[in-house]
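Counting from 1, position 180 in the sequence shown corresponds to residue 179 in numbering that gives the first Met the number 0; the numbering is continuous, with no gaps.
Take a look at the structure below.
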Amino acid sequence: MNDVALIEPRAGIGHNMPPLADVVAEEIAAERRRADELVQAAADSRIENDDDAGKVATLIRMMRDHEKALDRAREERKRPFLESGRIVDAVFGAVLRPLVVARGGADGRGGLGGMLTAWERKREDETRRERERIEAERRAKEAEAERARQEAEAARRAGAGAVAAELAALRKQEEADRLARQAEIVRPEPIRTPLGNVATRREI
Numbered sequence: 000m001n002d003v004a005l006i007e008p009r010a011g012i013g014h015n016m017p018p019l020a021d022v023v024a025e026e027i028a029a030e031r032r033r034a035d036e037l038v039q040a041a042a043d044s045r046i047e048n049d050d051d052a053g054k055v056a057t058l059i060r061m062m063r064d065h066e067k068a069l070d071r072a073r074e075e076r077k078r079p080f081l082e083s084g085r086i087v088d089a090v091f092g093a094v095l096r097p098l099v100v101a102r103g104g105a106d107g108r109g110g111l112g113g114m115l116t117a118w119e120r121k122r123e124d125e126t127r128r129e130r131e132r133i134e135a136e137r138r139a140k141e142a143e144a145e146r147a148r149q150e151a152e153a154a155r156r157a158g159a160g161a162v163a164a165e166l167a168a169l170r171k172q173e174e175a176d177r178l179a180r181q182a183e184i185v186r187p188e189p190i191r192t193p194l195g196n197v198a199t200r201r202e203i
């Protein structure tokens with residue numbers, strides 16, 4: 000049996016190997032009998048005098064020694080499985096690591112993910128500048144609308160040309176409101192792929 004096969008207790012169809020649990024149980028049959036004898040001796044133990052106490056103390060030492068021997072045997076028996084697991088990890092890791100590095104860089108901040116994050120940041124900066132431009136234009140239209148309202152009020156007090164001035168004020172305000180709505184909806188579209196949206200790394 001090779002090391003890789005050891006990591007799978009149940010072999011493939013058509014094998015003639017017994018289950019691993021049965022194999023190990025057979026290997027430690029003597030240790031199992033010894034443990035059963037010690038447990039039975041513990042169940043039968045009574046302390047009625049110093050001699051009995053000495054026997055119990057000796058039995059405790061014998062049980063502890065047997066526990067240590069079983070632990071050593073268990074570690075030795077499973078070592079090939081652990082070594083096989085490390086071999087499998089190394090083989091898979093050699094394939095996985097280049098994927099991880101290509102996707103996110105050696106530090107998790109580079110690779111394709113870093114490239115995509117930089118692109119998203121660029122789009123967000125462009126969006127912010129566009130929003131700021133629209134907002135500045137909106138403020139200018141608001142100021143023009145306010146001046147037009149003041150002109151309409153002055154015309155109304157003078158009794159001439161008030162309607163035209165009021166219409167001009169309304170048009171300026173409508174334009175300012177339109178720009179305000181436009182500024183609210185200016186945002187970069189999420190990057191989509193046939194496999195779904197792509198999340199980018201956010202830094203604060």
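Backbone N, C-alpha and C fix where the C-beta goes; we use that ideal spot for every residue, glycine too.
Source: prediction; values computed, not measured.
For Ala105, three-class secondary structure by DSSP: coil
Local conformation of Arg186 per DSSP, three classes: coil
Cβ contact check for the stretch 148-159 and the stretch 102-114: 3 or more pairs under 8 Å: no
Sequence-distant residues of the same chain with beta carbon closer than 7 Å to Ile6, five excluded per side: Note on Ile6: pLDDT 43, under 50, position unreliable in the model; no value is reported.
Proximal residues to Ala179 (C-beta, below 7 Å), its chain only, five neighbours per side dropped: Arg137
Whole-Å CB distance - Ala72 paired with Glu36, under 8 Å assumed: Ala72 to Glu36, Cβ: 17 Å. No contact.
Three-way DSSP call (helix, strand, coil) for Met16 in this model: coil
Meets three-Cβ-pair contact criterion under 8 Å: the stretch 47-54 and the stretch 15-28: no
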